[in-house]
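So the protein lines, in turn, are chains S and R.
Position 79 of the first sequence, counting from 1, maps to 79 under the numbering used here, and the rest follow consecutively.
Position 358 of the second sequence, counting from 1, maps to 690 under the numbering used here, and the rest follow consecutively.
Below is one structure, written out as structure tokens; the observations come after it.
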Amino acid sequence: MNFDYSEEQQLLADSVRRFLQNKYQFEDRKKIISGAGWSEEVWAQFAEMGLTALPVSPDYGGFGGGAVDLMSVMEAFGEALVVEPLLPTLVAARLVGRAGTSTQKKALLPAVADGRLRMAFAESPKANVVGAPAAHKLIVLAEENLFIVDAAEVPMQPYRTIDNMLAARIDFSPSKADLLAKGAGAAVEEALDFATALVCAEAVGAMKFACDTTLEYLKTRKQFGVPIGTFQALQHRIVDMFISHEQAKSMACLACSRVDSSANPDERARAVSAAKIRIADAARHVSQEAVQLHGGMGMSEELKVSHSFRRLTVLARQFGDADHHLQRFASL
Amino acid sequence: MDLNYSPEELAFRDEVRAWLTKNLPAELKDKGHYSKEELLRWHRILAKKGWVAPAWPKEWGGTGWNVVQRYIFEEELGYAGGPMLIPFGLTMCAPVLLRFGTEAQKKRFLPRIYNGDDFWCQGYSEPGSGSDLASLKTKAVRNGERYVVNGQKIWTTLAHYADWIFCLVRTDPTVEKRQEGISFLLIDMKAPGITVRPLILMDGAHEVNEVFFDDVEVPAENLVHDEGKGWTVAKYLLGYERMNTGRIGESKRQLARLKEFASHQIRTNSRFRDRLSRLEIELIALEITNLRFLDRMRRTGQPPGADVSMLKIKGTEIQQGLTELAMECIDPLAGDEKSLALQKKYLTTRKTTIYAGSNEIQRNIIAKMTLGL
Numbered sequence: 001m002n003f004d005y006s007e008e009q010q011l012l013a014d015s016v017r018r019f020l021q022n023k024y025q026f027e028d029r030k031k032i033i034s035g036a037g038w039s040e041e042v043w044a045q046f047a048e049m050g051l052t053a054l055p056v057s058p059d060y061g062g063f064g065g066g067a068v069d070l071m072s073v074m075e076a077f078g079e080a081l082v083v084e085p086l087l088p089t090l091v092a093a094r095l096v097g098r099a100g101t102s103t104q105k106k107a108l109l110p111a112v113a114d115g116r117l118r119m120a121f122a123e124s125p126k127a128n129v130v131g132a133p134a135a136h137k138l139i140v141l142a143e144e145n146l147f148i149v150d151a152a153e154v155p156m157q158p159y160r161t162i163d164n165m166l167a168a169r170i171d172f173s174p175s176k177a178d179l180l181a182k183g184a185g186a187a188v189e190e191a192l193d194f195a196t197a198l199v200c201a202e203a204v205g206a207m208k209f210a211c212d213t214t215l216e217y218l219k220t221r222k223q224f225g226v227p228i229g230t231f232q233a234l235q236h237r238i239v240d241m242f243i244s245h246e247q248a249k250s251m252a253c254l255a256c257s258r259v260d261s262s263a264n265p266d267e268r269a270r271a272v273s274a275a276k277i278r279i280a281d282a283a284r285h286v287s288q289e290a291v292q293l294h295g296g297m298g299m300s301e302e303l304k305v306s307h308s309f310r311r312l313t314v315l316a317r318q319f320g321d322a323d324h325h326l327q328r329f330a331s332l
Numbered sequence: 333m334d335l336n337y338s339p340e341e342l343a344f345r346d347e348v349r350a351w352l353t354k355n356l357p358a359e360l361k362d363k364g365h366y367s368k369e370e371l372l373r374w375h376r377i378l379a380k381k382g383w384v385a386p387a388w389p390k391e392w393g394g395t396g397w398n399v400v401q402r403y404i405f406e407e408e409l410g411y412a413g414g415p416m417l418i419p420f421g422l423t424m425c426a427p428v429l430l431r432f433g434t435e436a437q438k439k440r441f442l443p444r445i446y447n448g449d450d451f452w453c454q455g456y457s458e459p460g461s462g463s464d465l466a467s468l469k470t471k472a473v474r475n476g477e478r479y480v481v482n483g484q485k486i487w488t489t490l491a492h493y494a495d496w497i498f499c500l501v502r503t504d505p506t507v508e509k510r511q512e513g514i515s516f517l518l519i520d521m522k523a524p525g526i527t528v529r530p531l532i533l534m535d536g537a538h539e540v541n542e543v544f545f546d547d548v549e550v551p552a553e554n555l556v557h558d559e560g561k562g563w564t565v566a567k568y569l570l571g572y573e574r575m576n577t578g579r580i581g582e583s584k585r586q587l588a589r590l591k592e593f594a595s596h597q598i599r600t601n602s603r604f605r606d607r608l609s610r611l612e613i614e615l616i617a618l619e620i621t622n623l624r625f626l627d628r629m630r631r632t633g634q635p636p637g638a639d640v641s642m643l644k645i646k647g648t649e650i651q652q653g654l655t656e657l658a659m660e661c662i663d664p665l666a667g668d669e670k671s672l673a674l675q676k677k678y679l680t681t682r683k684t685t686i687y688a689g690s691n692e693i694q695r696n697i698i699a700k701m702t703l704g705l
């Protein structure tokens, strides 16, 4: 047993963090979301760092990495509240890799690996799909079957989600699409567990930001002539936020590790659902407390903490909320 | 990152588990309260095997296991369902003696602790000094080669079984910094002037006591570390203690028993089922958090940081949650033995978030030491 990142994982995490610190400060992000909603330049940098290639099989120009390899990347994304749609592309690519024919894999995966092709995944023909407006191809689940379609062929209305992610409402008809796989239930469940584990890691990063920035605020904000962090009522609340974050991080480790190593789908599903339940609870707790402890400033559009609140609110529910996963956890 | 135990660690776990299965007497399993004889019986079985004090240095009987092996052992011990090893001698007094004691003190006390010859208790809390421990008033006045002790301790767990008590006492009431007037004394419970009075808690059990000291004479050789250094000793002990407060193995056993006991509720009451799931997940998370702390200790070689206080907070919350759910499976008006035992378990488990530094004190520690508030 060990909780170390390997040397490669650590190097990658360091380079992603360095990049985000230099080029993806809150002000940079503001410019992106007030413009196109995502940055092609940032995307190119991600591809340059190997993030798009990381989970793609070496047979198709990738590195064959797993969820654990992506965990620290997703944590860093969560801290910086990255809006570029990496996860939608990786989830769709995973479906192609697991369910597609070798011709389809050859056509798509090398382009994903080198960053030329963006994709998104729709869990039903009529759905709200994150990343769809920036995607070239969509993978759509219709009943138990997966289809692949040019994004340009799908009627869609782009918009921003509450947490400033680029999304679109799609209305899709399988008649215009290529079949990716029939009866792909198991592949879809696996890909959704992969996505859920990564969303857990992303939420852990966003919680870390919320905890750190709130701690900073408690140390600097003065009322009654003293920093408000000297008040025990607030100290205990921020301690509980840090505990929630640690417990959430532990569960993200479990989920990512089981997605990579479980031969048994039930064991994997149980770990992922357990993680999502704990992380949904923690995301709600930490995000709400972060806003409360910031007082009025926590409500402000100007402060990153309100953006982390929105991101955590969505992440808590994306790929199934706590109730959904409680149902699944109990059924396994 | 690999969350699975290595084949060697698994083999070690299996060896421990098999031995415990074979050697833990059935009549010692899952009892609410244990007599002194029962506690010592289990202690001596483990001592004979050489497993009663794994963390001690090898020369004094330790096993030489690494932190992960020790964790596995602790967990299996808890999971086996036997009586808890009483910590006052093994994991409280002994580490203090090993760190601060004289050679004579080590030779005199450690083998007797190891073999279960002396039963120890802890004299910290006083009626006016609970969370504010440094305000303690029990005083020890040096008189030649003796200290004369007067005062009172309270909530002293198993003092009525104990042969010895380690105490924090005030040796200097004049120093400006009150922590510097405190010393660490070892006191023979048979010394004239000591009175033990039971305190019955709300489950009806006698576990804690008041201990009165009335002109009790203590040889000066029973002072540990220097006079006035008692607070240093107490803080060292606190750090040592905190790693083992999660009681994860024991909670796993309680969870497994609860799932069996509550099978009807789990099937028919989704609200109950979801609360149980959340508790189970909290326990899974706590175990991994605990392992992450151990892994950090192993990698950095550093002692545990103050943030391990969260293990106590979460571990005790889980223990309470489990007993609360178990109690909710029975008729609140029931009078049969099994129902009453579950209700009493709920009652007595409320103490866990209060003792060993209340959970509020643990939060103060994290706020101050880890978060710098």
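All residues carry an ideal CB built from backbone N, CA and C; glycine is no exception.
Would you give the residue range spanned by the beta strand (DSSP E) that S/GLY61 belongs to? Run containing S/GLY61: none; DSSP gives neither H nor E here.
Inside the region 3-53 of chain S only - alpha helix (DSSP H) runs reaching at least 4 residues: Counting only runs that start and end inside the region 3-53 of chain S, the alpha helix (DSSP H) elements of at least 4 residues fall at 7-23, 26-34, 40-49.
Cβ atoms of S/ALA269 and S/MET74: under 7 angstroms apart, would you say? Between S/MET74 and S/ALA269, the gap from beta carbon to beta carbon reaches 7 angstroms or more.
Burial state of R/ASP464 (16 or more Cβ within 10 Å): R/ASP464 is exposed by the Cβ-count criterion.
R/LYS646 lies in the alpha helix (DSSP H); which residues open and close that run? Its alpha helix (DSSP H) spans residues 641-660.
With distance defined between alpha-carbon atoms, name the residue in R/ASN482, R/GLU660, R/THR470 nearest to R/ASN601. Minimum Cα distance to R/ASN601 is reached at R/GLU660.
Note down, in chain order, each residue of its chain lying with its Cβ closer than 7 angstroms to the Cβ of S/LYS249, except the 5 sequence neighbours on either side. If we look at S/LYS249 and ignore the five residues flanking it on each side, its Cβ neighbours are VAL204.
In terms of residue numbering, what span does the beta strand (DSSP E) encompassing S/ILE139 cover? It spans 137-142 - the beta strand (DSSP E) in which S/ILE139 sits, taken as one unbroken run.
Let me confirm a value: S/LYS137 is counted as buried when at least 16 other C-beta atoms fall within 10 Å, else exposed. Which label applies? Counting Cβ neighbours within 10 Å, S/LYS137 comes out buried, since at least 16 surround it.
So, do the region 232-247 of chain S and the region 318-329 of chain S have three or more beta carbon pairs nearer to each other than 8 angstroms? No, they do not touch.
To the nearest angstrom, how far is the alpha carbon of R/GLY455 from that of S/ALA197? If you take the alpha carbons of R/GLY455 and S/ALA197, they lie about 48 angstroms apart.
What residues from chain S crowd round R/LEU518, counting only those whose CB sits closer than 8 angstroms? Going along chain S, no residue has its Cβ under 8 angstroms from R/LEU518, so there is no contact; the nearest lies around 35 angstroms.
Which same chain residues end up closer than 8 angstroms to R/LYS683 when comparing Cβ atoms and leaving out the 5 residues on each side of it in sequence? So the list reads LEU533, once near-sequence residues are dropped.
Please go through the same chain and pick out, in chain order, the residues whose beta-carbon is closer than 8 angstroms to the beta-carbon of S/GLU189, but skip the five residues on each side of it. Hits under 8 angstroms: PRO265, ALA269.
Closer than 7 angstroms, Cβ to Cβ, to anything on chain R: give me those residues from the region 244-258 of chain S, in chain order. Within the region 244-258 of chain S, GLU246, GLN247, SER250, MET251, CYS253, LEU254, SER257 place their CB atoms closer than 7 angstroms to a CB of chain R, listed in sequence order.
Excluding five sequence neighbours on each side, which residues of the same chain lie with their C-beta closer than 7 angstroms to the C-beta of S/ASP281? Within the same chain, S/ASP281 has close Cβ partners ALA322.
Does chain R have any CB closer than 7 angstroms to the CB of S/LEU215? Proximity of S/LEU215 to chain R, defined by a Cβ-Cβ separation below 7 angstroms, is satisfied.
8 angstroms contact criterion, which R/SER515 and R/LYS561 should meet: CB distance rounded: Contact holds; Cβ gap of about 7 angstroms.
Just to confirm before moving on: does the CB-CB distance between R/GLU446 and R/ALA494 stay below 7 angstroms? First, the amino acid is wrong: residue 446 of chain R is Tyr here, not Glu. In this structure, R/ALA494 does not lie closer than 7 angstroms to R/TYR446 by Cβ.
Less than 6 angstroms between C-beta atoms, sequence neighbours within five positions excluded: which residues of the same chain meet that for R/TYR403? These residues qualify, in order along the chain: LEU626.
Determine the direct distance from the alpha carbon of S/TRP43 to that of S/ARG18, and round the result to whole angstroms. Taking the straight line joining both Cα atoms gives about 15 angstroms.
For the region 641-652 of chain R against the region 12-31 of chain S, do three or more pairs of beta-carbon atoms, one drawn from each stretch, fall closer than 8 angstroms, so that the two count as touching? The answer is no - the region 12-31 of chain S does not touch the region 641-652 of chain R, with fewer than three Cβ pairs under 8 angstroms.
Alpha carbons only, please: which of S/LEU146, S/ILE162, S/VAL129, S/ALA184 is nearest the one belonging to S/LYS176? Out of S/LEU146, S/ILE162, S/VAL129, S/ALA184, the CA that lies nearest to the CA of S/LYS176 is found in S/LEU146.
Closest by CA to S/LYS208, which one among S/GLY50, S/ARG311, S/LEU12, S/LYS30? For the options S/GLY50, S/ARG311, S/LEU12, S/LYS30, the alpha carbon positioned closest to that of S/LYS208 is the one of S/ARG311.
Where does the unbroken alpha helix (DSSP H) through S/MET241 begin, and where does it stop? If you look at S/MET241, you'll find it in the alpha helix (DSSP H) that goes 232-261.
Quick one: grab the DSSP three-state call for R/GLN401. Correct three-state label for R/GLN401: helix.
Whether R/VAL399 touches R/LEU569 by CB criterion (7 angstroms): It is not a contact, given that the beta carbons lie outside the stated cut-off.
Helix, strand or coil for R/MET701, going by three-state DSSP, please let me know. R/MET701 falls in the helix class under three-state DSSP.
Check whether the Cβ of R/ASN554 lies closer than 6 angstroms to any heavy atom of the ligand MN, and answer yes or no. The ligand MN is absent from the structure shown, which contains no ligand whatsoever.
Tell me whether the beta-carbon of R/GLY647 lies closer than 7 angstroms to the beta-carbon of R/GLY578. Between R/GLY647 and R/GLY578, the CB-CB gap stays under 7 angstroms.
Between R/LEU643 and chain S, is any beta-carbon pair separated by less than 7 angstroms? Residue-level contact check: R/LEU643 does not touch chain S, since none of the beta carbons of chain S fall below 7 angstroms from its beta carbon.
Endpoints, the alpha helix (DSSP H) within which S/PHE194 is located: Start and end: 185-220.
Taking 7 angstroms as the CB-CB limit, is S/ASN164 close to chain R? So, not an interface residue.
Buried versus exposed call for R/HIS538 [16 or more other C-beta atoms within 10 Å across all chains shown]: Burial call: exposed.
Have a look at S/GLY65, S/VAL149, S/SER273 and flag the residue whose alpha-carbon is nearest the alpha-carbon of S/ALA252. When C-alpha distances from S/ALA252 are compared across S/GLY65, S/VAL149, S/SER273, the shortest belongs to S/SER273.
Buried or exposed: R/LEU531, going by 16 or more other Cβ atoms within 10 Å of its Cβ? Classification for R/LEU531: exposed.
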